[in-house]
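Taken in sequence, the protein lines are chains A, B and C. Offset between the first sequence (1-based) and my numbering: plus 1. Offset between the second sequence (1-based) and my numbering: plus 101. Offset between the third sequence (1-based) and my numbering: plus 359. These notes concern the structure reproduced below.
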Amino acid sequence: MLNFTAFIPRAVAQGMPLLYGSTGETITQKAGNLNLGIPGVMYVGAISGVIGSFLYERSVVASAALNPALAVGIPLLSCLFGSLVMGLIYCFLTVTLRANQNVTGLAMTTFGVGFGNFFGGSLIKLTGADVPSITLSRTSNVFRTVLPFANSTGWFGKVFLSYGFLAYLGILIALIAAHVLKRTRTGLHLRAVGESPATADAAGINITGYKYAATCLGCMIAGLGGLYYVMDYMNGVWSNDAFGDRGWLAIALVIFTIWRPDVGIFASILFGGLYILYLFLPTGENLSVKELYKMLPYIVTIIVLIFTSIRNKRENQPPASLGLAYFREER
Amino acid sequence: MQTAKREPLIHMTKRKELGSLQSWGVRLLAILLAAVVCAVVTGLITGINPLHFYQTMASGSLGTARRRWTMGKEMAVLLCISLALTPAFRMRFWNLGGEGQILIGALATAACMILLGDQLPGPVLILVMILSAVAAGAVWAAIPALCKARWGTNETLFTLMMNYVAIQLCAYYIIVWEVPKGSGKIGIINQSTEAGWLPVIGNRYLLTVLVAAVLTVFMYIYLAYSKHGYEISVVGESEATARYVGIKVGKVILRTLLLSGAICGLTGFLLVSGTDHTLTTTLAGGKGFTAVMVAWLAQFNPLGMVLSSFLLVFMSQGAAEISKIYGLNQSYGDILTGIILFFIIGSEFFIRYQLHFRKSAGKEARADA
Amino acid sequence: MPAVRMRGITKTFGAVCANSKVDLDIYKGEILALLGENGSGKTTLMNMLSGIYFPDEGQIFIGEQEVSISSPREAFGYGIGMIHQHFKLVDVLSATENIILGLPGKLDIPAAAKKIREICSTYGFDVDPDQKIYEMSVSQKQTVEIVKVLYRGADILILDEPTAVLTPQETEKLFAVLRKMREDGKAIIIITHKMHEVEELSDRVAVLRHGEYIGDMMTKDTNAQEMTNMMVGRAVTLNIERPDPVDPKPRIVIEGLTVRSADGIKRLDDVSFTANSGEILGIAGISGSGQKELLEAVAGLQVCESGSISYLDESGEKHELVGMGPLEIAGLGVQLSFVPEDRLGMGLVGNMDLSDNMMLRSFRVGRSPFTDRKSPRKLAEQVVDDLEVLTPGITTPVRRLSGGNVQKVLVGREIASAPTVLLTAYAVRGLDINSSYTIYDLINRQKKAGVAVIYVGEDLDVLLELCDRIVVLCGGRVSGIVDGRTADKNRVGLMMTRVGGGEERADS
């Protein structure tokens, strides 16, 4: 039998990077940009945070305590900055220069994953540090701080209170995103931009502005997912390629939630659960079956993808102009 | 955005078509610019002087006969995958599943080698391996194609997901067949008998290079001169038109993706039977994605892909040499590749659009066309 | 004092000069009709006023003040609102959401809906603020567009071919609204091709030709012939030739045809009629009444639920078309040339050159796996010569040709295969007068050669002048079949909106 008090916290921890990634990608796609560079962005977000934190930790003597505000603030800002730069590259190419979004996205992923692994592998050498590996446990401890009474509340604390602040921030961002998309004028305009930029343009909406803002914001949110992964999930240890295919899974999640960030909160935990289900299911002697369990999130996404295309309901379709560049004077 | 109420500072319009010579000129310029940026970035990180940088790159990729052969083999593999994806792309079907289709072909090949290696005579075994690899790749591509043809399911995301299903399937069988037990690896298959190994012709890599060359010519002719190729173009340009002249769109999508997947499967076969003689989940090593860019850079022209695959392989081999010499992480090549790609992707804009700058006097005058 | 003055406006797209040094004045309390052939630059000129395009040269004055309008938002600021030919509406949003799109402030849907209802009751519009656009009819969508412009308080309204998609009755209603707005002191500019509408509605006309401003005059001082001559630049005759049917024999017999769309809506309901050889059979109806489905059913592109479509060949032998594939049907000599809204969407491939487009029909010929490139090239040359297609050469991509030439290529190719039945839809859609007459002539030539022509048209006047008989469709049903020589326009208009037109069925 599945042990839920052990399973849920791990599912949540697995799900959070996906939630950040999918919230970011949902906002981006609502503006009509299919950003396949999200996996790269998440790598860049993570490594930028790591670099910031690495430099800060080195500047503080080993015995002294870190200033919590700086320990959180520096990686957070570096992460946001790194992801923002990625977002700007993507926007400049696809919005300003109207390049093909698929190709740009893949190039961003190549670049971003390479960037992450390069600095992950060479940071120590480049800075001339004398540590064997990038282990930011001091920063990580700050990120993983939980409420003081969380441990004394039994299963409730374990399931709901055992996470670092980034997990709650992720949920908060998803809720805000859902509210903005659905209930505000900004959200209405953004949806119009993704559905029919020509219409939005004729209505006086600044297409370029919305696309840039949504995509860059989306990238910054996705980047936080990378940061969460390193600082919270991995306890501050960077290892190359460890982040793996989570970026693609985040994109899958966008479809799974039919472009609704609030649904994404539960869906990401579900995906997180599917991702680690193999650890909790009995496999007996045969370890190989675990590899088959790892397929589950992808297969579920494929089924959802097929299912929504069969049902073909207007409101559940991707934004109509997704993947297309907009040029006002097209004739 | 605007500096004055009179007129936007920069104003862009669509260009009348540029000649192909000029377009290639723009692309070349972009590559040169990217090269300068790469050299500067490298200089900043490592302190290498730019000239030395390219010297190292060149020697790293082309310096010795062995390196040239490695380069040729890498190019050939990348070219095969790009050629496999091209018919689908021409049809505006974004097959991002090359990675998975290769792996599943490789898995089929490895399965034949392991399970039938000592039961069939050599030539028959190789034939069975080829057939099963091709069939496996084709089926893997046909699943999203069927859904696309039937319900219009988004193929970009579907093929992407299929990659990971294939990876996990391989991971499963790698553990089932692991040698020795508990290592999590298959090791070299049939090391003693060499059953199912492709014969070495001249050189371990020559056969792969030859297959790529033949495929290039085949694909060029197939797309430009065959009836199938014509149907692919029509479906890609306008499905409504295709239906209207009686082309069965679903059938064309399925047939094209069967071909696409089959060639990917064949590439998987070449990798396992021809060069690697083992199966790993990283066998394709991201080439399924790199191939998308190779094909796009060449504007889906098979002959152009020879050049674009050369460019990308040169970058990664060269960068590998740089990172080796300077003790950097080998992902450095990906960064340089990314930079070059950004520049070329951006350069397409200048082929399709032109900019008009506001004349300082404020009197409207158009920059010449 | 004009409300708007445009001076020396020039705009080019690549090599095409859309407007060259155009001057135009617009007054409050006046309806101005902007006339010109297709490609004369009317829409481009108005797009510059509404901020969609930015002029290469020239000045725009609103009142006394010279302004620069570089976005639609700025145009709204000057009280300019445009209703585009292709509606600028977001399908998945509601009417209210569309109407308030782009406005600043807090989102308050109920308040906006209330204001929309007020505007509707002032002008007599019928709009449900909560309805999604994709559930609306064409005329409802147009109403939403007009409400949108009024909601923003525009006092200069531009309408680009607003009646192209409306029935005569809906057009009347629209004109009543426009006149009411004129009384309110608004300036109204209407772009149209239809002379009788210009005469009926406008106070003043301004004419463009090949991107140049030709002149303006008061509507009451001119007539259709004079305006047409100004548009074309020389004297033209406005009568369409209608030769007598040549030895008419039943060729296509349709009985009880019913077709449903993919989402289960009945598109054709128990349709029956006969098309004769040597005759032009017109199909009239509001757009979306089943015209497209009807032609597609005959061409084998639609699944038929019930009913039969019989083809009778020269010897009188009967072939059942329902259940046949498009290839077999084309093999019998039934050719479809359907000109969709975007012209290139169906029938031609924009990025392919002329000879490759000719190949669309013939590429399967022969058993070789390779295509034959020679005969299509010859056919392309022949079509270019015969129909006087203006093109730099047969290796030019079709999308770079102008609308009229594209349509000549399409119709030319279908005719080249010597059809026995020619199905054509919207063959002159968006064409100027000259090109339209070339196409009418082509169709008449087919009729004289004994081909059974089925002609789906938008312009009722043309249908009544060109066709021998007209089948009127209404909501997928045959509302009546009338004789083109004797039919009354108003009655046909009524039949388009009500089955039978409220009167007894006409002869068939």
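C-beta atoms are modelled at their ideal positions from N, C-alpha and C, and glycine is treated no differently. Predicted model, so just to flag it, every value in this text is computed and none were measured.
Please report the residue range of the alpha helix (DSSP H) in which residue i lies.
i, result
"P602/C", "That residue, P602/C, is in no alpha helix (DSSP H); it is neither H nor E in DSSP."
"K295/A", "Per DSSP, K295/A belongs to no alpha helix (DSSP H) and is neither H nor E."
"V238/A", "Element bounds for V238/A: n/a, residue is neither H nor E."
"Q499/C", "V497 to Y510"
"K806/C", "I792 to K807"
"H678/C", "Where H678/C is concerned, there is no enclosing alpha helix (DSSP H), although the beta strand (DSSP E) it sits in stretches over K677 to E679."
"F913/C", "The requested residue 913/C is not part of the displayed model; chain C covers only 360 to 867."
"Y274/B", "E256 to V277"
How many Å lie between residue i and residue j at the Cα?
i, j, result
"G706/C", "S233/B", "40 Å"
"Y164/A", "G647/C", "58 Å"
"P149/A", "Y21/A", "26 Å"
"R332/A", "P604/C", "With a pLDDT of 43 at R332/A, under the threshold of 50, the modelled position of that residue is not reliable, and the figure given next carries that caveat. Computed Cα separation, rounded: 41 Å."
"F426/B", "G434/B", "The amino acid at residue 426/B is misidentified as Phe; the sequence shows Ile. Taking the straight line joining both Cα atoms gives about 13 Å."
"D467/C", "N457/C", "13 Å"
"A253/A", "G188/A", "22 Å"
"T856/C", "T526/C", "8 Å"
"R610/C", "Q805/C", "14 Å"
"A462/B", "L89/A", "Confidence at A462/B is low in this model, with a pLDDT of 37, below 50, so its placement is unreliable and no value can be given for it."
"L325/A", "A643/C", "36 Å"
"A392/B", "G38/A", "16 Å"
Just to confirm the assignment, what range does the beta strand (DSSP E) spanning residue i have?
i, result
"C833/C", "R828 to C833"
"L516/C", "I515 to D519"
"N635/C", "K625 to N635"
"F372/C", "V363 to F372"
"D842/C", "R836 to D842"
"T617/C", "P609 to R619"
"I442/C", "I439 to I442"
"Q418/B", "Counting along the chain, Q418/B falls outside any beta strand (DSSP E), though it belongs to the alpha helix (DSSP H) covering P403 to I426."
"R568/C", "R563 to R568"
"D575/C", "E571 to M577"
Can you list, in chain order, the residues of its chain with a C-beta nearer than 7 Å to that of residue i? Leave out the 5 residues immediately preceding and following it.
i, result
"T309/B", "K174, A177, V178, L371, G375 and T376"
"L738/C", "M717 and A775"
"L297/A", "L275 and L278"
"P361/C", "D384, I385 and Y386"
Looking at residue i and the ligand COA, is the gap between the Cβ and the nearest heavy atom below 7 Å?
i, result
"Y211/A", "Absence of the ligand COA from the depicted structure is noted, as is the absence of any ligand whatsoever, leaving it without description."
Starting from the C-beta of residue i, find all residues in its chain whose C-beta is less than 6 Å away, skip the five residues before and the five after it, and write them out in chain order.
i, result
"P488/C", "A454, T455, A472 and I475"
"F8/A", "F281"
"S134/A", "none"
"V127/B", "S448, F451 and I452"
"M113/B", "Y454 and L456"
"F420/C", "R364"
Leaving aside the five residues before and after residue i along the sequence, list all residues of the same chain whose C-beta is less than 8 Å from its C-beta, in chain order.
i, result
"D866/C", "Its pLDDT being 40, under 50, D866/C is placed unreliably in this model, and the value from its coordinates should be taken loosely. Taken in chain order, the residues that qualify are I840, V841 and D842."
"E531/C", "none"
"N36/A", "E26, T29, Q30, V42, Y91, Q102, G106, M109, T216, G219 and C220"
key: Positions along the segment 99-122 of chain A whose CB lies within less than 7 Å of some CB in chain C   = none
query = What residues from the segment 70-89 of chain A come within 7 Å of chain B, judged by C-beta to C-beta, listed N to C?
reply = Within the segment 70-89 of chain A, no residue places its CB atom closer than 7 Å to a CB of chain B.
task = For the segment 419-449 of chain C, enumerate the residues whose C-beta is nearer than 9 Å to any C-beta of chain A, in chain order.
result = Along the segment 419-449 of chain C, the positions whose C-beta sits under 9 Å from a C-beta of chain A are S430, P431, R432, E433, A434, F435, G436, M441, H443, H445, F446, K447, L448 and V449, read in chain order.
key: Against chain C: residues of the segment 216-228 of chain B by CB proximity under 8 Å   = none
task = Closer than 9 Å, Cβ to Cβ, to anything on chain C: give me those residues from the segment 164-198 of chain A, in chain order.
result = R184, T185, R186, T187, G188, L189, H190, R192, A193, E196 and S197
key: Members of the segment 413-438 of chain B that neighbour chain C once the beta carbon cut-off is set at 9 Å   = none
message = Using 8 Å as the cut-off, can you tell me whether the segment 186-194 of chain B makes contact with the segment 438-455 of chain B, which would need three or more C-beta pairs spanning the two stretches below that distance?
response = no
task = Check each residue of the segment 252-283 of chain A: if its Cβ is closer than 8 Å to any Cβ of chain B, include it; give the result in chain order.
result = I252, A253 and I256
Near-chain B residues of the segment 293-305 of chain A (beta-carbon distance less than 7 Å), N- to C-terminal order = If the cut-off is 7 Å between Cβ atoms, the segment 293-305 of chain A has L293, K295, M296, Y299, I300, T302 and I303 near chain B.
ask   = Using 8 Å as the Cβ pair cut-off and three pairs as the minimum, do the segment 389-396 of chain C and the segment 557-571 of chain C touch?
value = Cβ pair count under 8 Å is three or more, so yes.
query = Closer than 7 Å, Cβ to any Cβ of chain C: which residues of the segment 205-230 of chain A, in chain order?
reply = G205 and I206
ask   = According to a CB-to-CB cut-off of less than 7 Å, which residues of the segment 182-211 of chain B neighbour chain A?
value = Listed in sequence order: W195.
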